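Each position in the sequence shown, counted from 1, maps to that position plus 57 in my numbering. See below for the structure under consideration.
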Amino acid sequence: MNNFLYKNKRFLLIIKRKFNAFIGLEIIKYPTPELDRRIKLLKHYNINVIIDVGANIGQYGSDMRNIGYKGRIISFEPTYEAFEKLCKTSKNDPNWEIHHCSLGERDGKATINISKNSVSSSLLESLPELKQGGPNTSFIKKEEVDIKKLDSIFDTLNVEGQNIYLKMDTQGYESYILDGAKESLKKILGIQLEMSLIPSYEGAMTFLEMTSKLNSLDFKLATIESGVYENVSGKLMEVDGVFYK
């Protein structure tokens with residue numbers, strides 16, 4: 058049983074998050090050490106706005122509510138089916154607003170690859186390593202979506218003077234989002250993003266490359282949350298890095 062759980066960690070996590078989003082709640086007896094560190098950092102920096110990029114169906118926002126975060130959540134999700142579910146997840150939360158677009162390095166239109174499991178969808182093409190991270194990661198269709206620079210819309214979000222935390226879960230597209238947010242980043246305190254040890258998408262930065270990029274933007278690594286493991290070898294493929302100024 059333990060071997061089954063280990064091999065299917067990513068798939069089971071996806072099912073868990075979808076179930077939590079569907080029922081609208083999750084019972085947590087106590088936070089994991091990783092989650093406890095995230096909570097402490099959010100409190101230490103008095104974060105009261107989370108910009109949630111790559112929201113999918115609202116898993117991250119729901120998780121943040123479940124651990125007691127009461128501030129604003131501003132979510133961005135470009136794909137049609139996921140956005141429809143995100144609407145349902147967030148509809149009873151007056152402090153959670155949603156936007157139907159992607160963020161990136163430019164304003165316009167883009168083509169996104171939709172994966173069977175939805176959460177592996179990306180504006181980048183996949184590498185063979187993607188299939189090692191779990192089932193149903195293959196791309197099954199494409200969809201045209203709106204893409205905007207954070208710098209182009211930042212002033213419309215009404216977050217001036219707030220303590221802002223930028224979360225990105227965009228399957229390798231994080232560096233492009235940063236490129237479109239050069240001015241906005243001056244007003245952001247913290248960043249959480251997926252970082253590749255073994256890239257699964259063409260053009261995605263590696264852990265070391267992204268760390269260097271964020272350091273150059275005055276963000277320093279504060280903690281790491283474990284992520285996806287390769288099914289066969291057990292090698293860690295990606296982690297979530299949390300950076301603060």
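Glycine included, C-beta positions come from ideal geometry on N, C-alpha and C. Because the structure is a prediction, the values reported are computed rather than measured.
request  = Give the single residue among Ser257, Leu265, Ser132, Asp212 whose Cα lies nearest to the Cα of leucine 242.
outcome  = Asp212
key: Close-in-space but distant-in-sequence residues of the same chain around methionine 121 (CB under 8 Å, 5 per side omitted)   = Ile107, Ile130
Same chain only: Cβ atoms within 8 Å of aspartate 275, ignoring 5 sequence neighbours per side = Lys302
ask   = Using the beta-carbon count (16 or more within 10 Å), is valine 289 buried or exposed?
value = exposed
request  = Look up threonine 268 in the DSSP assignment and say whether it is helix, strand or coil.
outcome  = helix
request  = From the DSSP output, in three-state form, read off aspartate 297 for me.
outcome  = strand
task = Starting from the N-terminal side, write out each stretch of the alpha helix (DSSP H) that is 4 residues or longer and does not extend beyond the region 190-240.
result = 207-210, 231-236
query = Hey, how far is the Cα of leucine 254 from the Cα of serine 195?
reply = Cα to Cα, the separation comes out at about 20 Å.
request  = In angstroms with no decimal places, state the Cα-to-Cα distance between glycine 128 and histidine 101.
outcome  = 14 Å
query = What residue does the beta strand (DSSP E) around threonine 280 start on, and which one ends it?
reply = 277-283
key: Cut-off 7 Å between Cβ atoms - residues of its own chain near alanine 279, not counting five sequence neighbours on either side   = Leu98, Val299, Phe300, Tyr301
Residues that arginine 129 bridges to, as DSSP identifies them = Val106
query = If you compare alpha carbons, which of Glu186, Arg94, Gly229, Val285 is closest to glycine 260?
reply = Gly229
Enclosing alpha helix (DSSP H) for tyrosine 169 [first to last residue] = The sequence shown places isoleucine at residue 169, rather than the tyrosine named in the question. Here isoleucine 169 belongs to no alpha helix (DSSP H); instead the beta strand (DSSP E) covers 165-172.
query = When DSSP labels each residue in this structure, what does serine 290 get in the three-state scheme?
reply = Coil, per DSSP.
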